[in-house]
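A.B. asks:
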Amino acid sequence: MAVDSPAEQVLSGLDPEQRTAVTAPAGPVCILAGAGTGKTRAITHRIAYRSLRGETAGRHVLAVTFTARAAAEMRARLAALGVAGVQARTFHAAALRQVRYFAPRLLAGRELPELIESKARLVGLAAARVGVRTDRTGARDLAGEIEWAKSSLVEPGEYVVAAAKATRDTPFEAGKVAEVFAAYEQLKRGNGVIDFEDLLRAAVWGIEDHSDVAEQVRAQYRHFVVDEYQDVNPLQQRLLDAWLGGRDDLTVVGDASQTIYSFTGATSAYLIDFPRLRRSAVVVRLVRDYRSTPQVVGLANAVIRQARGSEARLRLELVGQRPSGAEPELRIFQDEPGEAAAVAARCRQLIAGGTPAREIAILFRTNAQSETYEKALTEAEVPYVVQGAERFFERAEIRQALVALRAATRSADPGEPLARSVVAALEAVGWAPEQRPPGGAARERWEALAALVQLAEEFAATPTLLPIGEGAVSSRPPTLSEFVDELGRRAAAQHAPTVEGVTLASLHSAKGLEWDAVFVVGLSDGTLPTTYAKTAEQVEEERRLLYVGVTRAREWLWLSYAISRSPGGRPRRPCRFLPQFDGRSGGGSGAGSGMARLSRKPDSRPPRIVSCRVCGATLLGGADRKLGRCATCPSDLDEELLERLQTWRARVSAGQRVPAYVVFTDATLVAIAERKPAQRSDLIAIAGIGPRKLALYGDAALALVAGAAVDDLEPEKTSANDP
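Residue numbers (our numbering): 443 to 1165.
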């Protein structure tokens, strides 16, 4: 073969591992490709290399992936390599094409049933038929559960056992879900429609039960490529097996460390077991990262290095190939509004410095977190777009809540605390503060409405100033009507259209994308990992979410968390997946064996970096920062003082009709009883005690530390008089 032959030119510019993948002989090939290692390059060049060598024709290749965007990218690259005729499609698009083609033969002249885009309406009708009361959100969760079952090849009669085995967090009692599932299937048949899972099943049925169809499909497609193989579900694997018909000319590419969709039925088991099930398989590991700086790569390695479970067996240690860049930054803030304001300010600086807004992303765990950042970016006059979700004030439940809040202003008690009035109004639309529901859509709706309560608490912390003559002012708590007006202003500002802007996205919707600058925010335990991650497998999937977020960054990475959700609120610990912050940077030397070092910088407020007063270690956990010592260091707690503080707090909370933690959290009381502050500056040095709480409760706390009895405190020192 001539040196300058087209096939040889395809190999030009490939690294050694990519070249091995491209030139592997016909048969099973498993490409384990880390983030940014050129997996699409490897599989498109493999198709082109084999086609140009005459091993297979483009029309005999079927390449399947999970998004239309990825399929289009694959087709464009193959065209640039001079290869025509390759079918690059999603699983559903490939199945639809085949079912439509064979419909006259399979359906004996009958028309192909209509394909429904969404299950929710029919699921709602099915629920009503079996006596399950649900709203649109509940119907969406039931639809998601039915999709999981059908993708997992689970029939209605098998659902209860399968859901228990898979530890599913079912939106209703499992037996009721099974009844809705069965009724949904009956309704579909009665209405002559099919869903996307039926489409895949029809393609499987057409091949497995009709030898002539199988023969024609297998004559057409002789070589198969599957992208993102860690995301395949049992139904898709069944279709792939039908296409193959026992043949083994199959190339799969995937990364077990990016398995983040198991809740939909996706499983990395097929990727993990590929070499065992196909003994002749060639396994190639792509570890050279061309996307991110060595500093970002080092942090990604540090995050995933601690992974456990079956996916960890295929963990890849990436090696950064780009020039050295800035160290990732860890930023600690007192509260979420401060965190969001700092992120928005930094976005504005990056844009002013020449980074296009479209090359900046803010990533978070849940869509409900977006509102805080939408507001902060709006106030900083930074344009933004929301990826994969509606803007906060455009969500159906938020629009409904605003209607309820406006109605509540007509009868609200002016003396009632604002947050309590908001909770009462939201209860009228079915929201309960202490009842987080099961089911993804219902949970997301609950969290969005909970965000409104948090906004009310923050708004109530800023008193309304009233002039009383000669330049003097008095203050009063803001009213519900004023809060509703504030929400209206925010909604109007955040509905402004944008052509190009900073991307706001959940970690799930960020998969497959990349930006020059990435902010991964809200990294507190309970948010990431979410409190809903109960099993070891679920916790490990949360770790992989952080890994996906980190590997989206090309040049600049910021990770941040807030000690409390709201000013003066309950303390939280940082995300447990964050690595140690005092090691060496990894990924730049080629070995990639060092622990990533995060560059910590104070925010503009600035947050306090607190050291243990016993051993001197930097304290990151909210409770440890309050105490001023590591949890494992010896305590010098004054138990008698703690008892008086608790008695005083109980009286204050009862008098103000607020929960005890609103006055001071348990951790704050323990910190006071340990540290025994002698003056106001000592008291405010305790993390979580801000100016407002100092003004409200500081004198009483200092008096108790000095030895005062609770009964000796003046009445006004146990009241909530505004400063």
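For glycine and all other residues, C-beta sits at the position ideal for the given N, C-alpha and C.
(1) When you compare the CB positions of TYR671 and LEU728, do they come within less than 8 Å of one another, or not?
(2) If distances are taken between C-alpha atoms only, which option among PRO546, ALA514, LEU1155 comes closest to ARG531?
(3) If we count Cβ pairs, one from each stretch, closer than 8 Å, do we get three or more for the stretch 706-720 versus the stretch 1003-1015?
(4) Mapping DSSP to helix, strand and coil, what is HIS950?
(5) Start and end of the alpha helix (DSSP H) containing PHE1019?
(6) Taking the Cβ atom as the reference point for each residue, do ILE1126 and THR1110 lie within a distance shorter than 8 Å?
(7) The alpha helix (DSSP H) spanning ALA787 covers which residue range?
(8) Measuring only the C-alpha atoms, how far is ALA902 from LEU860?
(9) Pairs of beta-carbons, one from the stretch 1138-1149 and one from the stretch 1114-1125, closer than 8 Å: are there three or more?
(10) What three-state label does DSSP hand ASP673 in the structure shown?
(11) Roughly how many whole angstroms lie between the Cα atoms of ARG750 and CYS789?
(12) From SER447 to VAL503, what does the alpha carbon distance come to, in whole angstroms?
(13) Leaving out five residues on either side along the sequence, give the residues of the same chain with a beta carbon under 6 Å from the beta carbon of GLU450.
(14) Can you give me the start and stop residues for the alpha helix (DSSP H) that TRP873 sits inside?
(15) Kindly indicate which three-state DSSP category HIS665 falls into: helix, strand or coil?
(16) With burial defined as no fewer than 16 other Cβ atoms inside 10 Å of the residue's Cβ, what is the status of ARG994: buried or exposed?
(17) DSSP has TYR826 in a bridge; who is on the other side?
(18) Check whether the stretch 637-651 and the stretch 682-698 touch, using three or more Cβ-Cβ pairs below 8 Å as the test.
(19) Could you tell me which whole alpha helix (DSSP H) segments of length 4 or greater appear in the stretch 554-636?
(20) Which of the three DSSP states, helix, strand or coil, is assigned to SER1006?
(21) What is the DSSP secondary structure of THR532, reduced to helix, strand or coil?
(22) Quick one: does the C-beta of VAL865 sit closer than 7 Å to a heavy atom of the ligand ADP?
(23) Taking the C-alpha atoms as reference points, what is the distance between LEU557 and ILE636?
(24) Near GLY599, which residues of its chain fall below 8 Å by C-beta distance, leaving aside the five closest residues on each side in sequence?
(25) Taking just the CA atoms, how far does TYR989 sit from THR735?
(26) To the nearest angstrom, report how far apart SER1027 and THR1089 are at their CA atoms.
(27) What does the Cβ neighbour count give for ASN675, buried or exposed, with the cut at 16 atoms within 10 Å?
(28) With distance defined between alpha-carbon atoms, name the residue in ARG1099, SER951, ALA581, ASP1153 nearest to GLN700.
(29) Apart from the five residues just before and just after GLY991, which ones in its own chain have a Cβ nearer than 8 Å to its Cβ?
(30) Whose C-beta lies closer than 6 Å to the C-beta of ALA863 among residues of the same chain, with five residues either side of it excluded?
(31) Enumerated in chain order, which unbroken segments of the beta strand (DSSP E) with a length of 3 residues or greater are wholly contained in the stretch 449-486?
(32) Out of curiosity, what's the CA-to-CA distance linking ARG1050 and ALA867?
(33) From HIS665 to LYS618, what distance separates their C-alpha atoms?
(34) Expressed to the nearest angstrom, what Euclidean distance is found between the alpha-carbon atoms of GLU587 and THR612?
(35) Counting along the chain, where does the beta strand (DSSP E) carrying VAL726 start and finish?
(36) Which runs of the alpha helix (DSSP H), 4 residues or longer, sit entirely within the stretch 1082-1117?
C.D. replies: With the structure as the only source:
(1) As a working note, residue 671 is residue 229 in the sequence shown. As a working note, residue 728 is residue 286 in the sequence shown. Annotated as distal: TYR671 and LEU728, with beta-carbon spacing of 8 Å or more.
(2) Start at 1 with the first residue of the sequence shown, and residue 531 comes out as number 89. Selected option, being the one with the closest Cα: ALA514.
(3) no
(4) In the sequence shown, the residue the question calls residue 950 occupies position 508. Here HIS950 sits in coil by DSSP.
(5) Counting from 1 along the sequence shown, the entry for residue 1019 is found at position 577. Under the DSSP assignment, PHE1019 falls outside any alpha helix (DSSP H); it carries neither an H nor an E label.
(6) Here residue 1126 corresponds to residue number 684 of the sequence shown, with the count starting at 1. Here residue 1110 corresponds to residue number 668 of the sequence shown, with the count starting at 1. No, the Cβ-Cβ distance between ILE1126 and THR1110 is not below 8 Å.
(7) Taking the sequence shown and counting its residues from 1, one reaches residue 787 at position 345. First-last of the alpha helix (DSSP H) with ALA787: 778-794.
(8) For this step, residue 902 is matched to residue 460 along the sequence shown. For this step, residue 860 is matched to residue 418 along the sequence shown. Going by the C-alpha atoms only, they are around 6 Å apart.
(9) yes
(10) In the sequence shown, residue 673 corresponds to position 231, counting from 1. Note: ASP673 maps to helix in three-state DSSP.
(11) Walking along the sequence shown from the start, residue 750 turns up at place 308. Walking along the sequence shown from the start, residue 789 turns up at place 347. Straight-line Cα distance between these residues: approximately 35 Å.
(12) In the sequence shown, counting from the first residue as 1, residue 447 sits at position 5. In the sequence shown, counting from the first residue as 1, residue 503 sits at position 61. Rounded to whole angstroms, SER447 to VAL503 spans 22 Å at the Cα level.
(13) What you label residue 450 is simply residue 8 of the sequence shown in a count that begins at 1. Cβ neighbours of GLU450 beyond the five flanking positions: none.
(14) Taking the first residue of the sequence shown as position 1, residue 873 is located at position 431. Element bounds for TRP873: n/a, residue is neither H nor E.
(15) Taking the first residue of the sequence shown as 1, we reach residue 665 at position 223. Three-state result, HIS665: strand.
(16) On the sequence shown, position 552 is the one that residue 994 refers to. It counts as buried.
(17) In the sequence shown, counting from the first residue as 1, residue 826 sits at position 384. TYR826 is bridged to VAL944.
(18) yes
(19) 562-571, 578-593, 601-607, 616-633
(20) Residue 1006 sits at position 564 when you count from the first residue of the sequence shown. Note: SER1006 maps to strand in three-state DSSP.
(21) The residue you call residue 532 lines up with position 90 of the sequence shown. Correct three-state label for THR532: strand.
(22) The ligand content of the structure shown is nil, which means the ligand ADP is not present either.
(23) Position 115 of the sequence shown, counted from the start, is the residue given in the question as residue 557. Position 194 of the sequence shown, counted from the start, is the residue given in the question as residue 636. Straight-line Cα distance between these residues: approximately 5 Å.
(24) What you label residue 599 is simply residue 157 of the sequence shown in a count that begins at 1. Contacts found: ALA620, ALA624.
(25) In the sequence shown, counting from the first residue as 1, residue 735 sits at position 293. In the sequence shown, counting from the first residue as 1, residue 989 sits at position 547. THR735 and TYR989: Cα-Cα distance of roughly 15 Å.
(26) For the purposes of this step, residue 1027 is identified with residue 585 of the sequence shown, where counting begins at 1. For the purposes of this step, residue 1089 is identified with residue 647 of the sequence shown, where counting begins at 1. For SER1027, the predicted model reports a pLDDT of 32, less than 50, meaning its position is unreliable and no value from the coordinates is stated.
(27) Working through the sequence shown from its first residue, we reach residue 675 at position 233. The residue in question, ASN675, is buried, as its Cβ has 16 or more Cβ neighbours within 10 Å.
(28) Within the sequence shown, the letter at position 258 stands for residue 700. The option with the nearest alpha carbon to GLN700 is SER951.
(29) Looking up residue 991 in the sequence shown gives position 549. Closer than 8 Å at Cβ, skipping near neighbours: LEU805, LEU949, ALA952, VAL960, VAL962.
(30) Position 421 of the sequence shown, counting from 1, holds the residue named residue 863. The identity of residue 863 in the sequence shown is Ser, whereas the question assumes Ala. Correct list, in chain order: ALA854, LEU922.
(31) 471-475
(32) Position 608 of the sequence shown, counting from 1, holds the residue named residue 1050. Position 425 of the sequence shown, counting from 1, holds the residue named residue 867. For ARG1050, the predicted structure reports a pLDDT of 45, less than 50, and the residue's modelled location is therefore unreliable. The matter cannot be settled from this model.
(33) One-based indexing of the sequence shown puts residue 665 at position 223. One-based indexing of the sequence shown puts residue 618 at position 176. Going from the Cα of HIS665 to the Cα of LYS618 covers about 44 Å.
(34) Translated into positions along the sequence shown, residue 587 becomes position 145. Translated into positions along the sequence shown, residue 612 becomes position 170. The alpha-carbon atoms of GLU587 and THR612 are separated by roughly 7 Å.
(35) Position 284 of the sequence shown, counted from the start, is the residue given in the question as residue 726. Taken as a continuous stretch (DSSP letters only), the beta strand (DSSP E) holding VAL726 covers 724-728.
(36) 1102-1105, 1108-1117
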